[in-house]
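Number of protein chains: 2
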Amino acid sequence: MTATEGPSATGGEEPSATGGEEPSVTGVDLPGPGRGDTVAEVVRQWRAVHPGLDTGPMEVIGRINRCAALLQQAEDAPLRRAGLTRPEFDLLGALRRTGHELTPSELARETFSSGAAVTKRLKQLTERGLVERRGDARDRRVAHVRLTAPGRDLVDGILPAQLAYETAALSGLDGPELGELAALLGTLLGQLEGRLGALRA
Amino acid sequence: MTATEGPSATGGEEPSATGGEEPSVTGVDLPGPGRGDTVAEVVRQWRAVHPGLDTGPMEVIGRINRCAALLQQAEDAPLRRAGLTRPEFDLLGALRRTGHELTPSELARETFSSGAAVTKRLKQLTERGLVERRGDARDRRVAHVRLTAPGRDLVDGILPAQLAYETAALSGLDGPELGELAALLGTLLGQLEGRLGALRA
DNA sequence: AGCAGGTAATTTACTCGTGAATCATATGCC
DNA sequence: GGCATATGATTCACGAGTAAATTACCTGCT
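As you go down the protein sequences, you meet chains A and B in turn.
For the first sequence, our numbering begins at 1 and goes up steadily by one.
For the second sequence, our numbering begins at 202 and goes up steadily by one.
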């Protein structure tokens, strides 16, 4: 939950972050380099106010949320230069990477967004000539969406810039660290995608 | 950028995810347990279409984004039960954990949101009696915001539920894994917060 | 055949956040 | 002192997403 600290979407400020460190409580001690990020300070504050708290999960989840917010902010830059929002690019990207036509509902699943949102985005992207629609012959409820040539070129043009940004953003971690991080996140994500329905209550 | 795969905010579906695995290209091989999550499939698709691509960063960033989206979705549940949105809770939480009054601009910095958004949220929270405002004597432009007793009780009531959700969500990782993850995210976040301004171009 | 129920896509009404003004005040400078 | 400039907070117009209804169509059952 942004561990009670919000990565909502907006600004890119850097709060005070003065504090002194204290060890984690989960039985997990954060080694040296976790020092000084915003989340550490937030956790410190919570522990000062609610000493009984197990802040272990907060340190992980808060950082995931904050990293996600900062990374997205940074990566939106090359998209804006191309006149696209990220959800729009995600939609185009889904078409590009699957290589075949997709129906609106498939696009919704693939981009983790609502059907209504997809409908609106498709309208805009169609008007801009990046995408084309075709009605299904058998079932006239469904539509098939595909990239136009300009749409494909746009995606292919943006992708390298996007990856360059990603590489730059991660340049603080060396190869093995990156691998470990990917692996740990992979097992976490696997768990979350598998049995999160149970938690959704 | 959700690694060209969108964690926008909405649904919680599970796309096909059929694929077979192939090794990473960054010089980093993902070990066994990264298998089968949604991002792995997306990465596989991109590599099939653009074989030259270095997908290493995507595997990390895509997973961070997707984890963040799923975790937020899960953790919003206890908040809705209390009639709060997450941004509202973040605001109240900032007041609670700092322990003292904050001005609207400080709240904006602390919750990483825009001033306008804070203004609106304060109006609502004030109407609900969770928060109080007081004008500054010296500088009549600034206001000071503090939690009311019901506001403080509300936060303190929600917090345990929140942490329980977090603990449950992370239960797939054992102690040492959690610690490593927190540490790696900590160094990444430190890097991002430090010199991301340079990338914001 | 004909209807009950389900599903794809869209539309509608609404909420929320944003960036760009705007107001009100404070502060530095000549 | 008095004006220029900066800053805190708010307001405004708008874009984008959502949930809930709506439309249009298919399919299985009797």
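Beta carbons: idealized from backbone N, C-alpha and C, even for Gly.
Bear in mind the structure is a predicted one, so any value in this text is a computation, not a measurement.
What does DSSP give as the partner residue(s) for residue i in the beta ladder?
i        : result
B/LEU348 : B/VAL332
Residue i and residue j: beta carbons closer than 8 Å?
i        : j        : result
A/ARG96  : A/ARG133 : no
B/PHE290 : B/LEU303 : no
A/LEU91  : A/THR111 : yes
A/VAL60  : B/LEU371 : yes
A/GLY172 : B/LEU389 : yes
B/THR256 : B/ARG264 : no
A/GLU166 : B/MET259 : yes
B/GLU381 : A/THR38  : no
A/PRO150 : A/SER113 : no
B/LEU355 : B/ALA283 : yes
A/VAL49  : B/GLY300 : yes
A/GLY202 : A/PRO104 : Nothing in the structure corresponds to residue 202 of chain A, since chain A is present only between 1 and 201.
What residue range is occupied by the uninterrupted alpha helix (DSSP H) comprising residue i?
i        : result
B/ARG248 : 239-250
A/ASP109 : Here residue 109 of chain A turns out to be Arg, not Asp, going by the sequence shown. Segment 104-111, the alpha helix (DSSP H) holding A/ARG109.
Taking just the CA atoms, how far does residue j sit from residue i?
i        : j        : result
A/LEU71  : A/ALA137 : 42 Å
A/LEU184 : A/GLY190 : 10 Å
B/GLY330 : A/ALA69  : 30 Å
B/VAL243 : B/ARG341 : 54 Å
B/ALA344 : B/THR320 : 11 Å
B/PRO361 : B/ALA275 : 15 Å
B/PRO252 : B/ARG245 : 10 Å
B/ALA365 : A/GLU106 : 34 Å
B/VAL440 : B/ALA278 : An answer regarding residue 440 of chain B cannot be provided, because it is not within the stretch 202 to 402 covered by chain B.
B/GLN363 : A/GLY186 : 23 Å
A/ASP156 : A/LEU125 : 16 Å
A/VAL131 : A/ARG109 : 18 Å
B/THR241 : A/ALA117 : Sequence inspection shows Ala at residue 241 of chain B; the Thr mentioned does not correspond to that position. If I take the Cα positions, the gap works out to 25 Å.
A/ASP174 : B/ASN266 : 20 Å
A/ALA182 : B/ALA383 : 13 Å
A/ILE158 : A/GLU127 : 20 Å
A/CYS67  : B/CYS268 : 11 Å
A/LEU53  : A/ALA168 : 36 Å
For this session: Go through the segment 255-302 of chain B residue by residue and report every complete run of the alpha helix (DSSP H) that reaches 4 residues or more, in order.
Result: Within the segment 255-302 of chain B, the runs of alpha helix (DSSP H) at least 4 residues long that lie entirely inside it are, in chain order, 257-282, 287-299.
Exercise. Could you give the uninterrupted runs of the beta strand (DSSP E) lying entirely in the segment 338-382 of chain B, keeping only those of 3 residues or more?
Worked result: As far as the segment 338-382 of chain B is concerned, its whole beta strand (DSSP E) runs of at least 3 residues are 344-348.
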